[in-house]
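Undergrad: Residues in the sequence shown are numbered from 541 upward in steps of one, following this note's numbering.
Glycine included, every Cβ here is placed at the ideal spot set by N, Cα and C.
Predicted model, so just to flag it, every value in this text is computed and none were measured.
One structure coming up, written as structure tokens, with questions to follow.
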Amino acid sequence: MTTEAMAAPDDRLDASKRVLLVFSNASDPALAEQSRLLDAAGPNAFEERDLLVLLVPAAGKTRVLVGGPADAYEAAALRRSRNVAPEAGFTVLLVGKDGGTKWQAKRPASPEAVFSIIDAMPMRLDEMRRNRP
């Protein structure tokens with residue numbers, strides 16, 4: 541489910557998406573566990589929730605883990621804007637469509653936990669009501 545991203549100028553995330561930011565180094569075992577959890581969920585659940593998952597390395601550009609294609613962001617700019625230092629270790633942040641941080645963890649996040657947080661958000665509840673058959 542990995543897609544290389546295109547270039548983006550700064551740390552402003554796409555406001556049409558909810559974004560799960562996974563701050564990690566490629567060698568961190570927690571990243572392998574996070575990838576396994578994401579792969580097990582299947583892409584439709586992410587798409588239904590307008591959820592994009594980005595890997596934010598210590599340096600360089602972001603990479604899409606689920607939900608691409610998407611712009612690539614400067615990792616340093618995202619780390620600064622979200623107050624996650626490179627030495628902070630594995631960190632997961634859920635960012636809402638309004639740009640605010642909705643949830644944070646220092647361990648791999650199960651998709652079910654993230655989905656339950658999203659599904660309780662007022663904007664998501666409105667989306668579900670509008671999309672009823």
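1. Rounded to whole angstroms, what is the Cα-Cα separation between A566 and D666?
2. With distances taken from CA atoms, which of V632, E652, S650 and P651 is nearest W643?
3. Among the candidates R558, S564 and L634, whose CA atom is the shortest distance from the CA of E588?
4. My understanding is that L561 touches L618, with C-beta atoms under 8 Å, so please give their C-beta distance in whole angstroms.
5. Using the C-alpha atoms, what's the distance from R664 back to R651?
6. At the level of alpha carbons, what is the spacing between L577 and A649?
7. Measuring only the C-alpha atoms, how far is T641 from I657?
8. Smallest Cα separation from A628: which of D568, A555, D554 and S556?
TA: On the basis of the coordinates in this document:
1. 37 Å
2. V632
3. R558
4. 7 Å
5. Inspection of the sequence shows that residue 651 is occupied by Pro rather than by Arg. So the alpha carbons of these two residues sit roughly 16 Å apart.
6. One C-alpha to the other measures close to 8 Å.
7. 12 Å
8. D568
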